[in-house]
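Undergrad: First to last, the protein sequences are chains A and B.
First residue of the first sequence: 295, per our numbering; consecutive thereafter.
First residue of the second sequence: 295, per our numbering; consecutive thereafter.
From the three backbone atoms N, C-alpha and C, an ideal C-beta is built for every residue, glycine too.
Fair warning: this is a prediction, and the values are worked out from it, not measured in the lab.
Protein chains: 2
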Amino acid sequence: MPLPVAPGTPVEHLTRALIDIPSVSGDEAAIADEVESALRACSHLDVTRLGDAIVARTTLGKAERVIIAGHLDTVPIKDNVPSRLSADGTQVIGRGAVDMKAGVAVQLALAVELDAPTRDITWVFYDNEEVEASRSGLGRIVRERPDLLIGDFAILGEPTSAVIEGGCNGTLRCEVTLHGKAAHSARAWKGLNAIHLAAPLLTALSAYDAASVEVDGLVYREGLNAVRVAGGIAGNVIPDDCTVTINYRFAPGSDLPQAKERVVDFIDAAYEGADVSRDVVWTDESAAARPGLDAPLARDFVSAVGATGADAPRAKLGWTDVARFGELGISAVNYGPGDPELAHASGDLERCPIAHMLSCHTALKAWLTT
Amino acid sequence: MPLPVAPGTPVEHLTRALIDIPSVSGDEAAIADEVESALRACSHLDVTRLGDAIVARTTLGKAERVIIAGHLDTVPIKDNVPSRLSADGTQVIGRGAVDMKAGVAVQLALAVELDAPTRDITWVFYDNEEVEASRSGLGRIVRERPDLLIGDFAILGEPTSAVIEGGCNGTLRCEVTLHGKAAHSARAWKGLNAIHLAAPLLTALSAYDAASVEVDGLVYREGLNAVRVAGGIAGNVIPDDCTVTINYRFAPGSDLPQAKERVVDFIDAAYEGADVSRDVVWTDESAAARPGLDAPLARDFVSAVGATGADAPRAKLGWTDVARFGELGISAVNYGPGDPELAHASGDLERCPIAHMLSCHTALKAWLTT
Numbered sequence: 295m296p297l298p299v300a301p302g303t304p305v306e307h308l309t310r311a312l313i314d315i316p317s318v319s320g321d322e323a324a325i326a327d328e329v330e331s332a333l334r335a336c337s338h339l340d341v342t343r344l345g346d347a348i349v350a351r352t353t354l355g356k357a358e359r360v361i362i363a364g365h366l367d368t369v370p371i372k373d374n375v376p377s378r379l380s381a382d383g384t385q386v387i388g389r390g391a392v393d394m395k396a397g398v399a400v401q402l403a404l405a406v407e408l409d410a411p412t413r414d415i416t417w418v419f420y421d422n423e424e425v426e427a428s429r430s431g432l433g434r435i436v437r438e439r440p441d442l443l444i445g446d447f448a449i450l451g452e453p454t455s456a457v458i459e460g461g462c463n464g465t466l467r468c469e470v471t472l473h474g475k476a477a478h479s480a481r482a483w484k485g486l487n488a489i490h491l492a493a494p495l496l497t498a499l500s501a502y503d504a505a506s507v508e509v510d511g512l513v514y515r516e517g518l519n520a521v522r523v524a525g526g527i528a529g530n531v532i533p534d535d536c537t538v539t540i541n542y543r544f545a546p547g548s549d550l551p552q553a554k555e556r557v558v559d560f561i562d563a564a565y566e567g568a569d570v571s572r573d574v575v576w577t578d579e580s581a582a583a584r585p586g587l588d589a590p591l592a593r594d595f596v597s598a599v600g601a602t603g604a605d606a607p608r609a610k611l612g613w614t615d616v617a618r619f620g621e622l623g624i625s626a627v628n629y630g631p632g633d634p635e636l637a638h639a640s641g642d643l644e645r646c647p648i649a650h651m652l653s654c655h656t657a658l659k660a661w662l663t664t
Numbered sequence: 295m296p297l298p299v300a301p302g303t304p305v306e307h308l309t310r311a312l313i314d315i316p317s318v319s320g321d322e323a324a325i326a327d328e329v330e331s332a333l334r335a336c337s338h339l340d341v342t343r344l345g346d347a348i349v350a351r352t353t354l355g356k357a358e359r360v361i362i363a364g365h366l367d368t369v370p371i372k373d374n375v376p377s378r379l380s381a382d383g384t385q386v387i388g389r390g391a392v393d394m395k396a397g398v399a400v401q402l403a404l405a406v407e408l409d410a411p412t413r414d415i416t417w418v419f420y421d422n423e424e425v426e427a428s429r430s431g432l433g434r435i436v437r438e439r440p441d442l443l444i445g446d447f448a449i450l451g452e453p454t455s456a457v458i459e460g461g462c463n464g465t466l467r468c469e470v471t472l473h474g475k476a477a478h479s480a481r482a483w484k485g486l487n488a489i490h491l492a493a494p495l496l497t498a499l500s501a502y503d504a505a506s507v508e509v510d511g512l513v514y515r516e517g518l519n520a521v522r523v524a525g526g527i528a529g530n531v532i533p534d535d536c537t538v539t540i541n542y543r544f545a546p547g548s549d550l551p552q553a554k555e556r557v558v559d560f561i562d563a564a565y566e567g568a569d570v571s572r573d574v575v576w577t578d579e580s581a582a583a584r585p586g587l588d589a590p591l592a593r594d595f596v597s598a599v600g601a602t603g604a605d606a607p608r609a610k611l612g613w614t615d616v617a618r619f620g621e622l623g624i625s626a627v628n629y630g631p632g633d634p635e636l637a638h639a640s641g642d643l644e645r646c647p648i649a650h651m652l653s654c655h656t657a658l659k660a661w662l663t664t
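#1: Tell whether a beta-carbon distance below 7 angstroms holds between Ala-311 of chain B and Leu-450 of chain B.
#2: Out of curiosity, what's the CA-to-CA distance linking Val-599 of chain A and Leu-652 of chain A?
#3: Please name the residue in B:Gly-433, B:Pro-647, B:Val-531, B:Ala-606 whose C-alpha comes closest to that of Asp-346 of chain B.
#4: Does the CB of Val-400 of chain B have a neighbour CB from chain A at under 7 angstroms?
#5: Taking only beta carbons into account, state which residues of the stretch 563-587 of chain A come closer than 9 angstroms to chain B, listed in chain order.
#6: What residues match up with Gly-464 of chain A in a beta bridge as DSSP calls it?
#7: Find the nearest neighbour of Met-394 of chain A within the set A:Pro-647, A:Ser-428, A:Asn-530, judged by alpha-carbon distance.
#8: Cβ of Pro-533 of chain B within 7 angstroms of Cβ of Ile-489 of chain B?
#9: With 16 as the cutoff for other CB atoms within 10 Å, does Glu-438 of chain B come out buried or exposed?
#10: Beta carbon of Ser-337 of chain B, beta carbon of Asp-367 of chain B: below 7 angstroms?
#11: Just mark Thr-384 of chain B as buried or exposed, buried being the case when its beta carbon has 16 or more other beta carbons within 10 Å.
#12: Assuming Arg-543 of chain A and Gly-517 of chain A form a contact by the criterion Cβ under 8 angstroms, report the distance between their Cβ atoms to the nearest whole angstrom.
#13: How should Arg-522 of chain B be labelled, buried or exposed, when 16 other C-beta atoms within 10 angstroms of its C-beta is the threshold for buried?
#14: With a threshold of 8 angstroms, are at least 3 pairs of Cβ atoms found where one atom belongs to the stretch 406-415 of chain A and the other to the stretch 352-359 of chain A?
#15: At the 7 angstroms Cβ level, is Thr-497 of chain A part of the contact set with chain B, yes or no?
#16: Give the list of continuous alpha helix (DSSP H) stretches no shorter than 4 residues that lie fully inside the stretch 422-459 of chain A.
#17: Among B:Ile-348, B:Ile-561, B:Ala-492, B:Pro-301, which residue has its Cα nearest to the Cα of Ala-524 of chain A?
#18: Can you tell me the Cα-Cα spacing of Gly-464 of chain B and Asn-530 of chain A, whole angstroms?
#19: For Arg-481 of chain A, does the three-state DSSP call read helix, strand or coil?
#20: Quick one: what does DSSP say Lys-475 of chain B is sitting in, helix, strand or coil?
#21: Using a Cβ-Cβ cutoff of 9 angstroms, what residues of the stretch 520-551 of chain A are near chain B? List them in chain order.
#22: May I have the straight-line CA-CA distance separating Gly-461 of chain B from Ala-583 of chain B, to the nearest angstrom?
#23: Using C-beta distances below 8 angstroms, list every residue in its chain close to Gly-303 of chain A, excluding the 5 sequence neighbours before and after it, in chain order.
#24: For Cys-654 of chain A, which of helix, strand or coil comes out of DSSP?
#25: Please name the residue, chosen from A:Ala-391, A:Pro-298, A:Gly-526, A:Glu-469, that lies closest to Pro-316 of chain A on a Cα-to-Cα basis.
#26: With 16 as the cutoff for other CB atoms within 10 Å, does Lys-610 of chain A come out buried or exposed?
#27: Here's the rule I'm using: 16 or more other beta-carbon atoms within 10 Å means buried, otherwise exposed. How should Asp-559 of chain B be labelled?
#28: Which of helix, strand or coil does DSSP assign to Val-507 of chain B?
#29: Once DSSP output is grouped into helix, strand and coil, what is the label at Pro-494 of chain A?
#30: List, in order along the chain, the chain B residues whose C-beta lies closer than 8 angstroms to that of Ser-377 of chain A?
#31: For Ala-399 of chain B, tell me which candidate among B:His-365, B:Gln-552, B:Arg-378 has the shortest Cα-Cα distance.
#32: Tell me Asp-573 of chain A's beta-bridge partners as DSSP assigns them.
#33: If we cut at 7 angstroms on Cβ distances, does Leu-611 of chain A have a partner in chain B?
#34: Should Gly-451 of chain A be flagged as near chain B, meaning a C-beta pair shorter than 7 angstroms?
#35: Counting only Cβ pairs nearer than 8 angstroms, list the residues of chain A close to Gly-474 of chain B.
#36: Enumerate in chain order the residues of its own chain whose CB-to-CB distance from Leu-344 of chain A is below 7 angstroms, with the five nearest sequence positions on each side excluded.
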């Protein structure tokens, strides 16, 4: 059954249809086929598919080009597909309702509907956003067809409760491995317990007071956390290795080298004065992005969203692909339906108000047609 | 090829033959078959097999009965089977050389040779000593045929460098699970990081000053260690659970309830004044055993071993099956060839001096025949 994209169709119908096509990261082929098919039916769009990512562009020769992007994948399903409506009929419930099938629905509906926008538009739908950065479909487009991502301003439809959220925090992950010496646990003093060596690091993490950083008028809250710890090989062995995985979420204003240096300094400080053998391996790194609200197009967009009664722009705390546009020199913001704190929630907790979808649809349409 | 058990055969030949039959815990059938076959060939022995455990008894109607026991299994092989001799020809190298194929070789050779001992002897060879207590072959005999373990004194051939080591430390293991609250790591302040909650416990373990306890004239060194730590489910999630597995080695003189109470008090003290949700699950418990050197038979045995030039009796630190005999009301000591600190060592590090084997053979034979 084709996706319900005909103009005038309630956008929650399209949201539910998109939820009902399971599309956990790595398994986006079916949903990409449907989205591609809907876009190719539009004569006003020039469509390119790269793997399970699709780029659809108007080519009206306008002075400005806007990129509007959203990802097709979700985190694993947890008893929340197929979709349903809340009892009061005001919310769509299901995996991806928030992150970010509702945002994709708004974008896809507008891509089909807006055949004569006042600005040229590049619509981007992509795969593998919820997994390691190296698999990202948007990253694939950047590498293989950067020409498709030329533009003056970008909007990423990640959930923001239909409020503009500027920029995003960056994220780093590293594995800190502490090296001890194995021994039989009946003669522990012959060894050096690597799990015990993790104590200073966990104590420092526990005591860490995360900064709140103001950038371009928006406040970004940071975070430094152990997200994994593993050590020990048997119940009667003093372990020689223990690995703590640390995730650092850092505000725009620091670049990746600066953020890494801060983590290394933090680890070194935790072990200051102690002769503890350790190594640090970086396993993931994604830059932060500035809000970008100083661009002229962004100011127009802020006005259009303000007209829907939405709150003033605020900082985006989670890392999003806004950072990729920042790296391309394109100002970008997050703007989409759904409460980001309900993203990835299990069962019927992931739910998106239909009012958010309508608000986003109204603001984007107004901005792109007047 | 049958085991080389004929009287007069150098005991290192039998040690090497036993090493060359791989017998990692759970895989002892082949070695048990060979041992059983050698014992059944002796008309002076009454042989019973229970699973992969074998009991062989003289029934001469003597006033006293001695139990001499050893386990057939080893920890996993690490490039150290088949066996070989050291370059100088004085040591046997290979998995189990220390723990405890050399001890088994001495016992098996004597079981075959001593057809007219001055005390009745119960020889016990059993499986699954190197794994959780519930699988122990000796435990199986205790449960199914306790009549086979009636005796006045027991010697366990665990490695002691051919010195009598009295009693043994007890061992407890528990899993301490700390409960936090999951959250996306971009909004860490919405959760409670369970890995960070482990910091006070690891700090306390790191600072723990293990006691040395004197019991019946021997000094037992204790130990309290994390042997495993595990927490974290994904690189962008604040974990809600973190589990630290603690191993407590405690001196004889405390029973299991007392030792458990000490661990619980230690954990409680680590979290004193902090409202940290946690639970403690006991996963392994084995009692300590007193030295047992006050029994009359033990005094004779101490004299026989002293005549070989061995050091005076000392405390056994690792937990051994001596504790099982203690629970049956039978005084017991450890006495066997090999340096216990080389037990479980990899490659050619696990090695046993032939001189130890000869010394044990001499002392046991003297004690059992005069």
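TA: In short:
#1: Not a contact, by the Cβ cut-off of 7 angstroms.
#2: C-alpha separation (whole angstroms): 12 angstroms.
#3: For the options B:Gly-433, B:Pro-647, B:Val-531, B:Ala-606, the alpha carbon positioned closest to that of Asp-346 of chain B is the one of B:Gly-433.
#4: Residue contact with chain A for Val-400 of chain B: absent (no Cβ-Cβ distance below 7 angstroms to any residue of chain A).
#5: Those residues of the stretch 563-587 of chain A that come within reach of chain B (Cβ to Cβ, closer than 9 angstroms) are Thr-577, Asp-578.
#6: DSSP lists A:Phe-544 as the bridge partner or partners of Gly-464 of chain A.
#7: Residue A:Pro-647 is the option with its Cα nearest to Met-394 of chain A.
#8: When the beta-carbon positions are compared, Pro-533 of chain B and Ile-489 of chain B come within less than 7 angstroms of each other.
#9: Classification of Glu-438 of chain B: exposed, given that the 10 Å Cβ count is below 16.
#10: No, Cβ-Cβ distance for Ser-337 of chain B and Asp-367 of chain B is not below 7 angstroms.
#11: Result: exposed.
#12: Right, the Cβ-Cβ distance comes to about 4 angstroms (below 8 angstroms), so this counts as a contact.
#13: By the beta-carbon neighbour count (other beta carbons within 10 angstroms, threshold 16), Arg-522 of chain B is buried.
#14: Yes, since at least three Cβ pairs between the stretch 406-415 of chain A and the stretch 352-359 of chain A fall closer than 8 angstroms, the two stretches touch.
#15: Answer yes: the Cβ-Cβ gap between Thr-497 of chain A and chain B drops below 7 angstroms somewhere.
#16: Correct list: 431-438.
#17: For Ala-524 of chain A, the closest of B:Ile-348, B:Ile-561, B:Ala-492, B:Pro-301 by C-alpha to C-alpha distance is B:Ala-492.
#18: Taking the straight line joining both Cα atoms gives about 12 angstroms.
#19: Under the three-state reduction of DSSP output, Arg-481 of chain A falls in the helix class.
#20: In the displayed model, Lys-475 of chain B falls within a strand according to three-state DSSP.
#21: For chain B, the residues of the stretch 520-551 of chain A that bring a beta carbon within less than 9 angstroms of one of its beta carbons are Ala-520, Val-521, Arg-522, Val-523, Ala-524, Gly-525, Gly-526, Ile-527, Ala-528, Gly-529, Asn-530, Val-531, Ile-532, Pro-533, Cys-536, Val-538, Thr-539, Asn-541, Arg-543, in chain order.
#22: Looking at the backbone, the Cα of Gly-461 of chain B and that of Ala-583 of chain B are separated by about 5 angstroms.
#23: Strictly speaking, residue 303 of chain A in this sequence is Thr, with Gly absent from that position. Answer for Thr-303 of chain A: Ala-403, listed in chain order.
#24: In the displayed model, Cys-654 of chain A falls within a helix according to three-state DSSP.
#25: Comparing C-alpha distances from Pro-316 of chain A to each of A:Ala-391, A:Pro-298, A:Gly-526, A:Glu-469 shows the shortest one belongs to A:Ala-391.
#26: It counts as buried.
#27: The residue in question, Asp-559 of chain B, is exposed, as its Cβ has fewer than 16 Cβ neighbours within 10 Å.
#28: If DSSP states are grouped into helix, strand and coil, Val-507 of chain B belongs with the strands.
#29: If DSSP states are grouped into helix, strand and coil, Pro-494 of chain A belongs with the helices.
#30: Think of a sphere of 8 angstroms around the beta carbon of Ser-377 of chain A: no beta carbon from chain B falls inside it, the nearest being about 22 angstroms out.
#31: Comparing Cα positions, the closest option is B:His-365.
#32: BP columns for Asp-573 of chain A point to A:Thr-471.
#33: For Leu-611 of chain A, the answer is yes, since a Cβ of chain B falls inside 7 angstroms of its Cβ.
#34: It does not: the Cβ of Gly-451 of chain A has no partner Cβ on chain B nearer than 7 angstroms.
#35: Chain A residues near Gly-474 of chain B: none, gap ~11 angstroms exceeds 8 angstroms.
#36: Excluding its 5 nearest sequence neighbours in each direction, Leu-344 of chain A has C-beta neighbours in its own chain below 7 angstroms: Arg-434, Ile-435, Glu-438, Arg-439, listed in chain order.
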